[in-house]
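Chain order of the listed sequences is A and B.
Here our numbering is used: position 144 in the first sequence is 145, and no number is missing along the way.
Here our numbering is used: position 565 in the second sequence is 1028, and no number is missing along the way.
Notes for the one structure printed next.
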Amino acid sequence: MAAWLTPAQHRTLTAAMDDTIPDDGTCPGAGSTGGADYVDRLLAAFTVDPPRIWAGGPFSGRRGGTAAFDDFLELSPWEELAWRTRIEGSGGDPAREHLGPVRGWQDIYADGLAVLGDDFADLDPDGRSARLAATDDEFRDLLFNHGCHALYGDPVYGGNRDGAGWRGIDYPGDVQPRGYTDAEVSLGTRFDPDLGR
Amino acid sequence: MSSGPTSATAAAPVDGVDCDAVIIGSGPGGATAAQVLTAAGWSVVVLDKGRNHLLSLEAPFGPLGHFANDELKFTQRHILGPDPWLEPRTFRRTEADGDRIFTGDVNNLPSTVGGGGVHADGKLPRFREDDFALLTEHGPVEGADIRDWPISYDDLEPYYAEAERLIGVAGTDGPDGNPFAASRSGPYPMPPGADMFLTSLTVPAAERAGLHPYRAPTGVNSVDYDGRPACNNCGFCAHYGCPIEAKGDPVAMLRAALRTGLCRVVPEAYAVDIVVDGSGRRATGVRYLDLTARPERGDPPVVEIRANHVVLAAGAFESPRLLLATGIGNSSDQVGRNLMFHFQTLVVGGYPEPMFGATRGRAVTHLHDDHIVGDAAQRAAAATAGLPWLRGGIVEHGGAAGPVSEALIYGPGGHHGAAMRDSSLRERLLVFTMQGEDLAQPTNRIDLDPSVTDVWGRPAGRVTYSSHRHELATMEHVGPLLESVLRDAGAVWTIVSSSPPLGDGGAHSPLGMAPASKHIIGTARMGADPSNSVVDPDGRLWDVENVLIADSSVFPTSTGYGPTLTLAALAARACHRLAGSAPADIPVPPGGPMSPAEK
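Listed below in C-alpha cells is the structure:
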C-alpha cells in the first residue's frame, strides 16, 4: 500500500523506472523490483517516526545475527530540516532558503508523473519515450538516480525486492557477521553460500 | 603557562572553569588529545558539531550499532555529515573564477563523532625522515613555499609508536616490509591482515617493474586487540563506519578517554567562537551553538565552556574557518593559506575476470613508495619539466566502490543491465591511486565565502585551489609507468586520470572539479618563526598561547603519505608536552582491557 503515491502514479512510476533501467534478461528492471516503493517510502519518509532516511544496524540478519536494518535511526532536528526540505521543498520558508528556493522531490515527482499520465504504462515503447522526453531534466535525473539507489541499494529501503538487483550481478550485499575468510579474500574464488555459486 | 590539572570531573566547574581543556573536534586529532590529556589527569570537554553514531557516552561506552553495511546511508544520504545543504562549502580554482564556481560538497571529511577516522579505511603509514626537511634535503621550487618542519622524525618517533599502539596498527617491518620505511623503535602492534586477491597480480607485476610493494600499515585489527575483534573481511571499509569496531581510529582513543571519568563528549555542539580575554593573548573558553535545539525555536542557543586551554582539532578545513571567523591567530596572515591536498593520479585497469576488490576484505592491502623516493628516470623527468625534483606519493593497490556508485556512472538506457553485469568499473576494475605530494602555495587557501552561508548564517568555508605544475609533471611521469604495470598484471585496458581533473574537461569528471581527496592539509602551518607560521613547534598559536592545534592544518608540507597517523602523533606530542607527561610504552594487551561481557 503506497503512502504518498496514488495507485495510478505508482503504476506509471514503475513503468517509467523500468524504461530508465530496463530488465535485460539478466539484470532486472528498477521499477518491477520495487523502484516505486523505494520512491514512495522516501517521499513519505516523515509519515513514520523515526523517518525512513537512515536504516539501522549493525546487521541485516541475512547472514546471521539479529536483523536490525528495519530499526531506522532518529534524525537530529537540523538533519530533519535538511531532509524535509529535499523532500517537501522550501515552500517560501526563509529557514529553508539560505541557498535559495528548493523544489522538493514530491513536487518534481508529481509534476513529472502528471506529464507521463495515468495511461503511460499502457503505451507502446515509442509512446512512452515521447512522454518521457516531455518531462523535465530534474524529473528524469531523479528517476535514474533513485532507480540506481532502489535497484542496487539495500532492500530495506523498498527497492531491490528480495535482492533481485543484487542477484543479477552476483552481489552479496551485507555479509556481517559472517564476513569472509582470509582465504576467500586472498584466493578470489567465487564462493557465496546464499547465492549458491 | 599551564595552570595544571584541576583534577575535577569534566562536568564540574572548578576555579572558574568547566574543564582543563576544551577540545574542538573528536576526530583522530581531538580523540588522541582527549586520551593523552585525561591520562595525565586533565579534565576535558570534547565538542563535535556532528552527530554521535560511534559509541555510547554512558559506561561501558559500547558501540551504538548505527554503522552497517549499507551503501545508501553512507554514500548517498550523508549519515556521517556534513550535510551539504546544511553546511555548504564553495570552490574556485583561482580568483579569476570569480567568487566561486561550485557550492555544495567540497572535500567533505565526515562531521560526526570520530570525524574522518570513521570513514577512513585506516591506511596509517608514517612519514619518512626527509619529509621533515624537504627544503634542506631537496631544495626550493619556484612558485611553491617549501619548508622544513620545525621538528624532526626523531622528535616524533616515540609518538608515532604511541599512536600506533593506541589505534592498533597492523603491519610488517620484517624482510617483507617497506624497504624505504623510516626507522622504528619497535614492531607494529599487530601482523597485517589478509592480502586482497588483486594484489596477487599487481604485486608481482610491480616487482618486475623494479618497484617495492609492501603490506600497508592499517588501523584495522588482524587479531583481537584492545577488546575489539579482528576484522572479518566484510568488504565495506572505505567510506563506512565499522559495524564490529575492527577499526580502532578513533573509537579506541575516545573510549579510553571516557573511561577515565575525566572526559565529556558533547555531540551536535558547533563551535563558533574561541573566547579570548582582554589582552587578546589568552583564550578563556569556547562558545558553541547547541544544535539539539529544534529549528522552529529560532537560532540555536549559545553555550560557553570555560577552560584553561583550547585544543582546536576541527580539521584543516574547519580549523582555519573558525580562526578566521573568530579573528584570532592570524597576525602572520598565514591562516587558511598553503592549503594542500594530495594530487591523486588514478591509474585504472580493466580485467577479464572478477577481482573482488570492491567486496571483500580491506579496501587496500598494499602500497609502494618508489615514486616518493624517486630514481634516475624520475630525476630526468624533473629536469625535462624544468623542475629541481619530483615527488609522488604512496600508490595504493586497490579496487572500486559499491554497486550503487557504479550504477550511477553508466547512465540510463537499455545498456545499463549489461554494463552492471559486466562490471568493468567495479568487480573487474583495479586502481592504482597515487596520493601525490602537493606543494604548498600561499594562494591556495581556505577563506570565508563573501555571501554563501550555512543554515545557521555563518559564512561558508571557501576553497581556492589550483595545482602546481610539479604535481602535473609527476603525474605525467608516473601515470604511464603504472599503466605498464597494470598491463603486465593482465589488464586489457588502462587509463590515467586525476583529481583534481586537468583541463576544462574536468567539468564532466565524476569526481568533480575540486580535489576529491579527503586529505586536507596545511592552512595553519607550524614553524619556528612567528612572522611566517601560525603555530609554534608544539602546535600552539603564536598569538594566543593557550590554544593548541591538533590536526593536519599544522603540516608545513603535504608529503606523499596519508596524514592521519602523523596528525595523531603530533597531537600526542603536543598534548604530552602541554601536560608534562610521557608517551605510554606499555602495549595495549590483545583482548583487553574491555571484556566482551562489558559490551
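Here a beta-carbon is modelled for each residue, glycine too, at the ideal position from N, C-alpha and C.
- For a Cβ distance threshold of 7 Å, nothing in chain B lies close to Asp108(A): the least Cβ distance comes to about 17 Å.
- Around the Cβ of Gly30(A), a 10 Å sphere holds 16 or more other Cβ atoms; the residue is buried.
- Secondary structure at Ala596(B): strand, using DSSP grouped into helix, strand and coil.
- The beta carbon of Ala134(A) sits no closer than 8 Å to any beta carbon of chain B.
- Taking 8 Å as the cut-off, the beta carbon of Phe524(B) is found closer than this to the beta carbon of Arg722(B).
- Closest by C-alpha distance to Asp838(B), out of Ala720(B), Trp956(B), Ala987(B) and Gly855(B), is Gly855(B).
- Residues of the region 36-56 of chain A with a C-beta atom less than 9 Å from some C-beta of chain B are Ile54, Trp55 and Ala56, listed in chain order.
- Rounded to the nearest whole angstrom, the CA to CA distance from Asp25(A) to Gly876(B) is 10 Å.
- The CB of Gln539(B) comes closer than 7 Å to the CB of His150 in chain A, given here in chain order.
- Residue range Asp138 to Tyr153 is occupied by the alpha helix (DSSP H) that includes Tyr153(A).
- According to the DSSP assignment, Ser960(B) belongs to the beta strand (DSSP E) that extends over Trp956 to Ser962.
- Fewer than three beta-carbon pairs drawn from the region 935-949 of chain B and the region 564-583 of chain B are found closer than 8 Å, and the two stretches are therefore not classed as touching.
- Between Ile984(B) and Ser962(B), the C-beta spacing is not below 8 Å.
- Between the region 906-917 of chain B and the region 34-54 of chain A there are fewer than three inter-stretch CB-CB distances shorter than 8 Å, so the stretches are not counted as touching.
- Using a Cβ distance threshold of 8 Å, Glu1008(B) and Arg727(B) do not count as a contacting pair.
- Separation of Val915(B) and Asn793(B) (C-alpha to C-alpha, rounded to the nearest whole angstrom) is 22 Å.
- Taking 8 Å as the cut-off, the beta carbon of Phe537(B) is found no closer than this to the beta carbon of Val836(B).
- Given a length threshold of 3 residues, each whole run of the beta strand (DSSP E) inside the region 843-879 of chain B is given here in chain order: 858-861.
- If you draw a straight line from the Cα of Phe554(B) to the Cα of Ala923(B), it comes to about 10 Å.
- Shown here, Arg85(A) sits in a helix according to DSSP, grouped into three states.
- Partner residues in the beta bridge of Gln807(B), as assigned by DSSP, are Gln898(B) and Ser962(B).
- If you look at Tyr622(B), you'll find it in the alpha helix (DSSP H) that goes Tyr616 to Ile630.
- Secondary structure of Asp740(B) (DSSP, three-state): coil.
- Distance from the CA atom of Ala633(B) to the CA atom of Gly580(B), rounded to whole angstroms, is 16 Å.
- Here Val827(B) has Asp584, Lys586, Ala679, Glu859, His860 and Gly861 as same chain residues with Cβ atoms under 7 Å from its own Cβ, once five neighbours each way along the sequence are excluded.
- Fewer than three Cβ pairs drawn from the region 606-624 of chain B and the region 660-677 of chain B lie within less than 8 Å of each other, which leaves the two stretches out of contact.
- Take Ala846(B), set aside five residues on each side of it, and no residue of its chain has a beta-carbon closer than 6 Å to its own.
- Taken through DSSP and simplified to helix, strand or coil, Cys726(B) comes out as strand.
- Note that the C-beta distance between Leu517(B) and Gly577(B) is below 8 Å.
- As far as DSSP is concerned, Pro764(B) takes part in no beta bridge.
- Three or more beta-carbon pairs separated by less than 8 Å are not found between the region 160-176 of chain A and the region 123-134 of chain A, which leaves the two stretches without contact.
- The beta carbon of Ser886(B) sits closer than 8 Å to some beta carbon of chain A.
- Taking all protein chains in view, the Cβ of Ile958(B) is surrounded by fewer than 16 other Cβ atoms within 10 Å, so the residue is classified as exposed.
- Put simply, the CB of Glu731(B) is near chain A, with a gap under 8 Å to one of its CB atoms.
- Chain B places a beta carbon closer than 8 Å to that of Ala69(A), counting this residue as a contact.
- It is roughly 6 Å from the alpha-carbon of Pro156(A) to the alpha-carbon of Arg162(A).
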